[in-house]
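Encoded as structure tokens, the structure appears first; notes follow it.
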Amino acid sequence: MLVKLDNVVKHFPVQSTSIRRHSSDVVHAVDGVSLEIQRGETLGLVGETGCGKSTLARCVTRLYDLTSGRITFDGQDITGLTRRQMRPLRAQIQMIFQDPYGSLNPRRRVGSIIADPLVIHGVGTRDKRKSLVQETMELVGLNPEHYNRFPAEFSGGQRQRIGVARALILRPKLVVCDEPVSALDVSIQAQIINLLADLRAELGLTYLFIAHDLSVVRHVSDRVAVMYLGKVVERADSTDLYNHARHPYTNALLSAVPVPDPVAAEARQRIVLAGDVPSPIAPPEACRFHPRCPKAEQICTLQEPALVPRFRDPETHDAACHIPVADEEDLATARRTA
Amino acid sequence: MTQGIGDAISSHVSEGAFETLPANAPGTKAIEGRSPVSLAFDRLRRDRGAMISLGLIVAIIVLAIAAPGVAALTGHGPNHQYRGLDALSPSGQPHAPSTTFWFGTDDQGRDILVRTAYGARISLMVGIGATLITITAGTVVGLLTGYFGGIVDTVLARIIDMVLSIPYLLFAIALVAILGHINMWLVMVVIAGAGWASVARIIRGQVISMREREYVEAARSLGASDWRIIFVDILPNVIAPAIVFATLLLPVSVVTEAALSYLGVGVPPPTADWGQMISSAQGLYQEAWWYLFFPGIALLITTLAFNIFGDGVRDAFDPRSDRLFAK
């Protein structure tokens with residue numbers, strides 16, 4: 001096991017602009033997440049905007065300090081490490097960012113951006129670094145001749161390749177991909193996803209792959225965890241999750257994935273959830289999904305469901321739901337009769 | 339002419355450089371991205387007004403450097419008081435421009451041409467010096483408050499507010515009252531002391547918006563230290579606004595220096611200084627227009643040239659500027 005998250009909690013205090021500076025409100029961005037990432041696997045993390053995926057990613061890379069909980073990386077507890085103690089580990093945990101425009105400094109040449117990890121961790125001489133940069137550029141499908149260019153001279157997809165090159169030049173053990181393709185064109189998305197998949201096989205990487213697009217996650221992930229309002233509501237092996245989603249929220253997400261075949265799309269029933277995502281400042285009691293859930297009953301408002309296997313699901317398939325969705329059940333019609 | 343020579347040299351150098359690079363196949367050029375700053379300079383070079391101003395600025399700098407030469411040429415020292423009839427009338431009135439004193443004399447019988455040339459030294463030195471101090475101090479403080487935030491920001495931001503609320507002219511006058519006298523270096527510090535706060539405020543705003551960018555977060559996730567992030571990732575992004583601010587601040591500093599001298603709290607006499615000359619000429623301008631005119635026109639040309647050049651620099655660095663496509 002490479003990474004183990006143990007009941008990770010991250011709250012942000014709400015800064016009020018009034019004279020009373022310290023309000024007691026907190027945003028429950030991540031509220032007790034336990035996950036494991038095995039060496040060499042890709043764990044997909046999905047959920048809507050604002051469900052805490054990116055916060056969780058920044059907790060794993062220790063860009064944020066945890067409110068509580070524990071993170072173990074490669075057998076070492078990294079929860080309480082200071083920035084200085086964390087430094088050598090940063091070479092092993094790298095991140096690919098969402099925005100290929102924002103994540104590259106517009107005033108620096110691409111070669112120097114990609115060489116950043118080498119310089120920061122004191123790897124190699126100047127010449128050695130340059131050849132490493134050019135090798136890595138070639139590895140991610142960039143022209144090594146372009147190392148003297150500025151980010152503005154590249155397309156979105158090429159820029160994301162630059163981000164990938166920067167993340168991989170030190171050959172990290174874990175790569176946290178924070179929505180690496182959601183800012184890209186669909187045609188480019190496939191290129192980057194395939195690149196990431198090829199590199200994983202070639203370099204033996206482990207990915208924590210965050211996205212809000214289930215079809216993207218399905219393509220790259222071995223296992224998938226679904227988040228809603230700071231909590232994991234379901235996790236399972238990729239195929240298992242897509243074939244037998246137990247949580248009504250997962251079902252709703254899956255039903256929203258666009259289908260390329262218009263006939264199939266016509267026949268398909270979409271589950272449209274009522275209302276908006278509740279405020280993470282005051283999340284609903286018990287099951288956080290109950291105000292929007294088509295199947296919610298009284299127990300859902302009283303008791304928080306445990307994240308455990310439901311029905312006769314395998315050990316690896318957990319769902320946090322009192323009234324899970326059965327295999328043949330049709331949620332879309334269930335809602336209408338309810 | 340000089341530009342032609344420069345082009346010839348640079349093209350020669352780059353040709354030579356290419357021959358020594360074996361990595362490049364014949365006929366292919368190394369692909370080199372151009373930095374935003376070099377693009378801005380290109381835009382600036384196409385701005386005629388800015389280039390004329392630059393020419394004037396160079397001329398004034400040459401005048402300042404060559405001030406002893408001007409003195410030697412005319413044979414008049416900057417502070418020497420001439421008593422002859424060609425310098426002062428029998429009643430002690432200044433003499434109008436003549437073949438001996440090209441710009442005329444002042445009420446002490448001193449050569450105004452030589453004094454104007456020497457005055458350019460003070461104006462430029464104080465103007466440039468004060469601007470450099472202002473920009474450096476403002477940028478450093480702005481980087482620190484903007485980047486570190488928290489208590490550093492709270493304390494420094496309040497100091498900035500405080501400095502901005504001090505009327506610097508009164509401050510300068512009070513300083514002279516306390517110290518009894520003031521020299522050129524002190525004038526620079528007074529001007530910079532009044533100006534750094536507004537620079538710091540602008541840079542702070544820039545840094546705060548930059549601190550949240552993903553590339554700063556990326557640097558942090560790579561393990562970069564705060565200082566590395568400040569100098570490698572943030573500083574290059576605030577250099578452009580700092581340069582623009584500096585060029586616009588220069589004429590203000592020059593005028594401020596003249597204003598302080600005019601009020602008698604600047605560089606002490608008998609050092610030649612434009613503000614001081616204008617001040618002592620104001621009682622005599624009806625009889626001796628040249629006494630007021632030459633230092634006044636010198637000050638006007640200097641500030642105007644710096645202002646127009648500063649505008650050109652601002653336009654050149656503005657990414658929304660469409661001058662690049664205009665021609």
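Those sequence lines, one after another, are chains L and Z. Numbered as in this note's numbering, the first sequence ends at 338 without a single skipped number. Numbered as in this note's numbering, the second sequence ends at 665 without a single skipped number. Beta carbons: idealized from backbone N, C-alpha and C, even for Gly. Since the structure is predicted, the reported quantities are computational estimates derived from the model, not experimental observations.
In this structure, residue 558 of chain Z lies near residue 63 of chain L, with their beta-carbon atoms less than 8 Å apart.
Put simply, the backbone Cα of residue 416 of chain Z is about 11 Å away from that of residue 447 of chain Z. By the Cβ neighbour-count rule, residue 10 of chain L is buried, with 16 or more other Cβ atoms within 10 Å of its own. Here residue 519 of chain Z is exposed: its Cβ has fewer than 16 other Cβ atoms, across all protein chains shown, within 10 Å. Here the alpha carbon of residue 630 of chain Z sits roughly 15 Å from the alpha carbon of residue 458 of chain Z. Per the DSSP secondary-structure output, residue 207 of chain L pairs in a beta bridge with L/42 and L/175.
Here residue 484 of chain Z is buried: its Cβ has 16 or more other Cβ atoms, across all protein chains shown, within 10 Å. For the pair residue 169 of chain L and residue 104 of chain L, the CB atoms are not nearer than the 8 Å cut-off.
The shortest CA-to-CA distance from residue 486 of chain Z to any of Z/440, Z/437 and Z/545 is the one to Z/545.
Check the Cα spacing between residue 550 of chain Z and each of Z/540, Z/539 and Z/567: the tightest is with Z/567. At a Cβ-Cβ threshold of 8 Å, residue 172 of chain L and residue 236 of chain L do not count as neighbours. Looking at Z/573, Z/390 and Z/634, the one whose alpha-carbon comes closest to that of residue 600 of chain Z is Z/634. If you draw a straight line from the Cα of residue 47 of chain L to the Cα of residue 500 of chain Z, it is about 48 Å long. Per DSSP, residue 140 of chain L is not a residue of any alpha helix (DSSP H), being assigned neither H nor E.
Collapsing the DSSP output to three states places residue 1 of chain L in coil. Taking a 10 Å sphere around the C-beta of residue 508 of chain Z, we find fewer than 16 other C-beta atoms and assign the residue as exposed. Restricting attention to beta strand (DSSP E) runs no shorter than 3 residues, the region 240-327 of chain L encloses none.
Comparing C-alpha distances from residue 511 of chain Z to each of Z/529, Z/653 and Z/437 shows the shortest one belongs to Z/529. Residues of the region 110-121 of chain L whose Cβ lies closer than 9 Å to any Cβ of chain Z, in chain order: 110, 112, 113, 116, 117, 119, 120 and 121. Residue contact check for residue 61 of chain L against chain Z: a CB pair falls below 8 Å.
Its Cα nearest to that of residue 234 of chain L, the residue L/316 stands out among L/200, L/316, L/191 and L/271. No Cβ of chain Z is located within less than 8 Å of the beta carbon of residue 168 of chain L.
Within chain Z, not a single residue places a beta-carbon under 8 Å from that of residue 124 of chain L; the smallest gap is close to 15 Å. Given a length threshold of 4 residues, each whole run of the alpha helix (DSSP H) inside the region 407-490 of chain Z is given here in chain order: 450-486. By the criterion of a C-beta distance shorter than 6 Å, residue 241 of chain L is surrounded in its chain by 224, once the five residues flanking it on both sides are discounted. Take residue 6 of chain L, set aside five residues on each side of it, and the residues of its chain with a beta-carbon closer than 8 Å to its own are 34, 69, 70, 71 and 72, in chain order. The three-state reading of DSSP puts residue 504 of chain Z in coil, since its state is none of H, G, I, E or B. Beta-bridge pairing by DSSP links residue 11 of chain L to L/28.
For the region 529-561 of chain Z, residues whose beta-carbon sits nearer than 8 Å to a beta-carbon of chain L comprise 551, 552, 553, 555, 556, 557, 558, 559, 560 and 561. Residue pairing of residue 73 of chain L in beta bridges, as defined by DSSP: L/3 and L/76.
Annotated three-state conformation of residue 620 of chain Z is coil, per DSSP. Contacts with chain Z (Cβ-Cβ distance below 9 Å) from the region 260-291 of chain L involve no residue at all. Runs of the beta strand (DSSP E) lying entirely within the region 59-131 of chain L and spanning at least 3 residues, in chain order: 68-73 and 93-96. Per DSSP, the continuous beta strand (DSSP E) segment holding residue 223 of chain L begins and ends at 223-228. DSSP places residue 388 of chain Z in the uninterrupted alpha helix (DSSP H) bounded by 386-403. The C-alpha of residue 433 of chain Z is placed about 7 Å away from the C-alpha of residue 427 of chain Z.
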